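Participant: My questions will all concern the structure given below.
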Amino acid sequence: MKITIFGTGYVGLVTGACLADVGHDVLCMDVDQHKIDKLKNGQIPIYEPGLDNIVKHTVEAGRLSFTTDTEEAVRHGTLQFIAVGTPPDEDGSADLQYVTAVARAIGEYMEDYKVVVDKSTVPVGTGDKVKSAVRAQLDCRGLELEFDVVSNPEFLKEGAAINDFMKPDRIVVGTDSERASELLREVYYPFNRNHDRMIFMDLRSAELTKYAANSMLATKISFMNEIANLAERLGADIEAVRRGIGSDPRIGYHFIYPGCGYGGSCFPKDVQALARTASDCGYEARLLNAVESVNYAQKHVLFDKISHYFGGDLKGKVVALWGLAFKPNTDDMREASSGTLMEDLWKAGATVQAFDPEAMEETQRIYGSQDGLTLCGTKEQALKGADVLAICTEWKEFRSPDFESIAAAIREPVVFDGRNLYEPEMLERYGLIYYAIGRGRNQFHSE
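Residue numbers 8 to 454, in the working numbering, belong to the letters of the sequence shown in order.
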């Protein structure tokens, strides 16, 4: 099938590459000429395990191509996937300017039947706006062409996006059109052979499903962080509590790991956007607002612990920081807890020596020549001359470090772990003082 993808970010590029991988003829369009030039030269602008190989062989096979030509893109595919960004506006609502711009372009250039597929995460009611935008352009051209608008939200985890797309838990399709439904069935047939993963519903329900899913996961994280903070005050160990409640199949172990807050391009934005949607409907989403509030506070917890340890005086202190990406297996720094920690440390007069396996270039792009930031080539280099070590991302290479070398390298034998990677008893054997999230007695907390 001929398919057009608007947007070559995480969602657009993964979607395009995976659809091309199973045989579809995919054209990805982006307004960023530099990004398209890089893609044409085989350079992937994001880090996502396995994506570079798929892009390389599908381009070589002639099934995946790239363009900045909007007219070419519209005329290529019967299915037009919109996978552009929907960044949060100042009031927390999703900014739909890029989505509606694509819709207008489709209406401006289409010559025959199209299925416009909203892949971007968009508020409930966006499908109606997309439909109106396409129709308005067709009216300006004096044309009566048929088209359908479908909601097909993505459920991809950064760092595991290829596997999530190739082996989906579910494929949600929101439409009332039989014609569009059959075309989407054909698109996803290669991913749907073992059993039917497709869930059809009305368009607005599909739009809400995406927001509800991410908000539910964010709620589990904030709940666990709330209990972790309580555990510190009660002298309980949150890791024991986690195992105790996770063994209940009604709760499960997924997304109940306490830490220094969630980040990324989805959870913070989507919780805020859904709360804003509720407010626009005259409903106060008290739980969603609490989830966001807890997460905001949690991002400052590591700084509070470090500041408490030094008696509130951090001037001239050097903090080694392991982990900059908001999660492992990505270079994405959006809403990352590391950013909050670094900014808190700089305001207090401390400096940071940081290392991340993949996010160094992205950190450089965001913070540039920020005073007080040194980007190090290895995790060992980050320790040299540092007073203490802080950890913000649970990369595999941080899980079994040389604790003797850590104790010898840092001035104060203290580790502040925002992801609970280690057992306190293990670090004590190496003479290291260990402060994690909710690990019982002797864990500092904000008063």
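Ideal placement from N, C-alpha and C gives every residue a C-beta, glycine not left out. Quick caveat, the model's predicted, so the values are computed rather than measured.
Looking only at DSSP bridge pairs, what is Ser-158 linked to?
Facilitator: Against the sequence shown, residue 158 aligns to sequence position 151. DSSP, once it has assigned bridges, lists Asp-125 and Gly-181 as partnering Ser-158.
Participant: Report the three-state DSSP secondary structure of Ala-357 (helix, strand or coil).
Facilitator: By 1-based counting over the sequence shown, the position of residue 357 is 350. Three-state DSSP puts Ala-357 in coil, outside helix and strand.
Participant: If you run the structure through DSSP and keep just helix, strand and coil, what is Tyr-195?
Facilitator: Within the sequence shown, residue 195 is the residue found at index 188, counting from 1. The answer is helix: DSSP assigns Tyr-195 an H, G or I state.
Participant: Which same chain residues end up closer than 7 Å to Met-205 when comparing Cβ atoms and leaving out the 5 residues on each side of it in sequence?
Facilitator: Walking along the sequence shown from the start, residue 205 turns up at place 198. The answer, listed in chain order, is Ile-178, Val-180, Arg-192, Tyr-195 and Asn-199.
Participant: Between the alpha carbons of Arg-293 and Glu-67, how many angstroms are there, rounded?
Facilitator: Along the sequence shown, one-based indexing puts residue 293 at 286. Along the sequence shown, one-based indexing puts residue 67 at 60. Approximately 51 Å between the Cα atoms of the pair.
Participant: Taking only beta-carbon positions, decide if Gly-84 is within less than 8 Å of chain B.
Facilitator: The structure shown contains no chain B; it is built from a single protein chain.
Participant: Less than 8 Å between the C-beta atoms of Gly-166 and Leu-145, yes or no?
Facilitator: The residue labelled residue 166 in the question sits at position 159 within the sequence shown. The residue labelled residue 145 in the question sits at position 138 within the sequence shown. No; because the gap between Cβ atoms is not below 8 Å, this pair is not in contact.
Participant: Just to confirm before moving on: does the CB-CB distance between Leu-328 and Gly-356 stay below 8 Å?
Facilitator: Reading the sequence shown from its first residue, position 321 is the one you call residue 328. Reading the sequence shown from its first residue, position 349 is the one you call residue 356. Contact: no.
Participant: Quick check: Asp-344 and Phe-362, are their CB atoms within less than 8 Å of each other?
Facilitator: Indexing the sequence shown from 1 puts residue 344 at position 337. Indexing the sequence shown from 1 puts residue 362 at position 355. With the sequence shown as reference, residue 344 is identified as Ser, and Asp is not the correct amino acid for it. The answer is no: Cβ separation not under 8 Å.
Participant: Excluding the 5 residues preceding and the 5 following Gln-305 in the sequence, name in chain order all residues of the same chain whose CB lies nearer than 7 Å to its CB.
Facilitator: Your numbering for residue 305 matches position 298 in the sequence shown. Taken in chain order, the residues that qualify are Asn-232, Cys-267 and Gly-268.
Participant: Jot down the residue ranges of each uninterrupted beta strand (DSSP E) in the region 188-251, minimum 3 residues, whole runs only, in chain order.
Facilitator: 205-208
Participant: Could you check what DSSP says for Pro-275 in three-state terms: helix, strand or coil?
Facilitator: Along the sequence shown, one-based indexing puts residue 275 at 268. Under the three-state reduction of DSSP, Pro-275 is assigned to helix.
Participant: Count the other C-beta atoms from every protein chain shown that fall within 10 angstroms of the C-beta of Lys-47, then say buried if there are 16 or more, exposed otherwise.
Facilitator: Position 40 of the sequence shown, counted from the start, is the residue given in the question as residue 47. Lys-47 should be labelled exposed.
Participant: Looking at Val-137: is its Cβ nearer than 8 Å to the Cβ of Ala-112?
Facilitator: The residue labelled residue 137 in the question sits at position 130 within the sequence shown. The residue labelled residue 112 in the question sits at position 105 within the sequence shown. Cβ atoms of Val-137 and Ala-112: not closer than 8 Å.
Participant: Below 8 Å, how does it come out for the region 404-423 and the region 366-385: are there three or more Cβ pairs, yes or no?
Facilitator: no
Participant: Output the distance between the C-alpha atoms of Ala-213 and Ser-184, rounded to the nearest integer angstrom.
Facilitator: Locating residue 213 in the sequence shown gives position 206, counting from the first residue. Locating residue 184 in the sequence shown gives position 177, counting from the first residue. For Ala-213 and Ser-184, the distance between alpha carbons rounds to 14 Å.
Participant: What three-state label does DSSP hand Ile-440 in the structure shown?
Facilitator: Here residue 440 refers to the residue found at position 433 when the sequence shown is read from its first residue. Strand at Ile-440.
Participant: Verify whether the separation of the beta carbon atoms of Ile-313 and Val-395 is less than 8 Å.
Facilitator: Numbered from 1 along the sequence shown, position 306 holds the residue referred to as residue 313. Numbered from 1 along the sequence shown, position 388 holds the residue referred to as residue 395. Yes. Within cutoff.
Participant: For Gly-92 versus Ile-169, is the C-beta spacing smaller than 8 Å?
Facilitator: If you number the sequence shown from 1, residue 92 lands on position 85. If you number the sequence shown from 1, residue 169 lands on position 162. Pairing Gly-92 with Ile-169 gives a Cβ-Cβ distance that is not under 8 Å.
Participant: Roughly how many angstroms separate the alpha carbons of Gly-371 and Arg-186, rounded to a whole number?
Facilitator: Looking up residue 371 in the sequence shown gives position 364. Looking up residue 186 in the sequence shown gives position 179. It is worth fixing the name first, because residue 371 is Gln in this sequence and not Gly. Approximately 48 Å between the Cα atoms of the pair.
Participant: Sorted by chain position, which residues of the same chain lie with C-beta nearer than 6 Å to Ile-61's C-beta, five sequence neighbours on each side aside?
Facilitator: Taking the sequence shown and counting its residues from 1, one reaches residue 61 at position 54. Hits under 6 Å: Ala-24 and Asp-28.
Participant: For the beta strand (DSSP E) that contains Asp-36, what are its first and last residues?
Facilitator: In the sequence shown, residue 36 corresponds to position 29, counting from 1. For the record, residue 36 in the displayed sequence is Met; it is not Asp. Its beta strand (DSSP E) spans residues 32-36.
Participant: Should Gly-270 be counted as a contact of the ligand FAD given a C-beta to heavy atom distance under 7 Å?
Facilitator: Questions concerning the ligand FAD fall outside what the structure shown contains, since it holds no ligand whatsoever.
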